[in-house]
Amino acid sequence: MDFAGVITTVLTSSDAPPGLLPAREQMALSLGWHIILACFGVAFPTMIYVVHRRGIVRDDPVALGLAKRWAKVSAVLFAIGAVSGTVLSFEMGILWPGLMGRFGDVLGLPFAFEGLSFFVEAIFLGIYLYGWDRMPPRRHLAMLIPMGLAGIVGTFCVISVNAWMNNPTGFKLVNGEVTDVNPWRAMFNDGVYLQFAHMWFAAFMVVGFVVAGVYAAGMLKGRVDAHHRLGFTVPFVFATIAAVVQPFIGHILGLRVGETQPSKLAAFELATTTEQPAPLRLGGVLIDGKVHGAIDIPKIGSLIARNSFDKPVPGLDTVPVADRPPVNITHLAFQSMVGLGTLLAIVVVVFWAARWRGHDLLPKRWFLRGAVIAGPLAILAMEAGWIATEVGRQPWVVWGILRTEDAASQSAGLWWSYAAAVVVYVGMTIGAFVVLRSMARRWRAGEEDLPSPYGPGASTLDEGAR
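All residue numbers for the sequence shown refer to the working numbering, where the first residue is 277 and numbers rise by one.
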């Protein structure tokens, strides 16, 4: 059997619909790519607001220059995100007709609000870009508030759908038919608040570390000036707060997973049998029903999973074989998320502790190199967290109600759709890199009034002035 055949056999059963594997692959690609841009929609407006307000209050041209540049970068990322978000909207119906056909009435409300939020964000982003030197300073600054709120509301709506998949509510099943639909109850389900908080802080970690890393890279090349120091410090402060708070939110969320999705918790902890107290297993894989290569730390597994040193952690032996998630992927993704998040939290604590004691690490080249690496690590932590969440829910697309294979399309032609998606996302990645790199070069060369999506071009401004 060829490699593709092996993968197909591993990930799907012989009687699975032909569209299951390509649907999974395409959805993973689309969500994994788009979520990075979604983070900028959530966190970047707040960071722009902070530097813009500093520029107004302190009459700081460096801060105002940063706000203007970041707004143009945000416009580019928003334009690209509009494409990937549109692709995702179509994919939900094309790839998962069994889900949307059956539960479309339940999930319609958050998708509608997400669409409205997108338009509000686009409108106020355009006003903000156009408003430079055309609006009173504080009114211009205020345009960032609805823009940022729209990004947060849109993200909340998307997260609410995913949280609903883990905590289905807001409807009744009568003879297999969905009745008594309450879309508000479905949107504000029991799991949405913690899941959104986890994602919200993850967005500030990703954007904070990525943007700070850009300016750290500039300082490594000798550009140590007020522009780069402020450009590093503001996002790094946001990343610091998020990195320190995130483990506590994750812990509370993990406690809830233990109550609502014990099979996912068992996979997280690589628990083959119920143990009391349970150890924390670092690394390791499950092969032929036995754990290999793990390092056990006694009792800590119970502490993390159940908030107690002696409470039991349910094992996979309590779950029917057909209802178990892919254990190794779930376990390794979960531990990657936790490990990388812990590492980033340690980095920020060390930085501020050193600064409190009078040692500024910012000029240190070893720290700047670490700051550059922190951005990609934050992205990997977030992606690993989503893998753990989504793969750990399997084999259910709607927990306990609808299996993933029953929701997938029956079309074998989805492989062509997947190939097209790969081409689109590769093209957008290259385009984003080329555009942003070109903007950075022109800024370094002294140009400031660069054209941007949703903003007027130079010729338009000239005509308006005449």
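Ideal placement from N, C-alpha and C gives every residue a C-beta, glycine not left out.
Taking the Cβ atoms as the reference, Pro-444 lies roughly 34 Å from Gly-484, outside the contact range of under 8 Å.
Excluding its 5 nearest sequence neighbours in each direction, Gly-446 has C-beta neighbours in its own chain below 8 Å: Val-382, Trp-440, Val-457, Asn-458, Pro-459, Trp-460, Arg-461, Ala-462, Met-463 and Asn-465, listed in chain order. For Trp-692, the uninterrupted alpha helix (DSSP H) segment begins and ends at 690 to 720. For the pair Lys-497 and Phe-508, the Cα-to-Cα distance works out to about 14 Å. The Cβ-Cβ distance between Leu-417 and Ala-351 does not fall below 8 Å. Between Leu-678 and Leu-425 the beta-carbon gap is near 33 Å, outside 8 Å, which marks them as no contact. For the pair Pro-412 and Arg-330, the Cα-to-Cα distance works out to about 16 Å. Taking 8 Å as the upper bound for CB-CB distance, Val-487 and Ser-539 are not in contact here, some 38 Å apart. If you draw a straight line from the Cα of Gln-552 to the Cα of Trp-662, it comes to about 28 Å. Cα atoms of Ala-688 and Gly-361: separation of roughly 24 Å, rounded to the nearest angstrom.
Asp-456 carries a coil assignment under DSSP once its states are collapsed to helix, strand and coil.
Counting along the chain, no alpha helix (DSSP H) covers Val-673; the unbroken beta strand (DSSP E) around it starts and ends at 672 to 674.
Under the three-state reduction of DSSP, Arg-557 is assigned to strand.
The alpha-carbon of Gly-384 is positioned some 32 Å away from that of Ala-654.
One thing to note: Pro-386 has its Cβ within 8 Å of the Cβ of Ser-436. With contacts defined by Cβ atoms closer than 8 Å, Ile-573 and Leu-556 form a contacting pair.
In the three-state reduction of the DSSP assignment, Ile-571 falls in the strand class, which pools E and B. With respect to Ala-343, Ile-370 sits apart: the two C-beta atoms are not nearer than 8 Å. Collapsing the DSSP output to three states places Leu-637 in coil.
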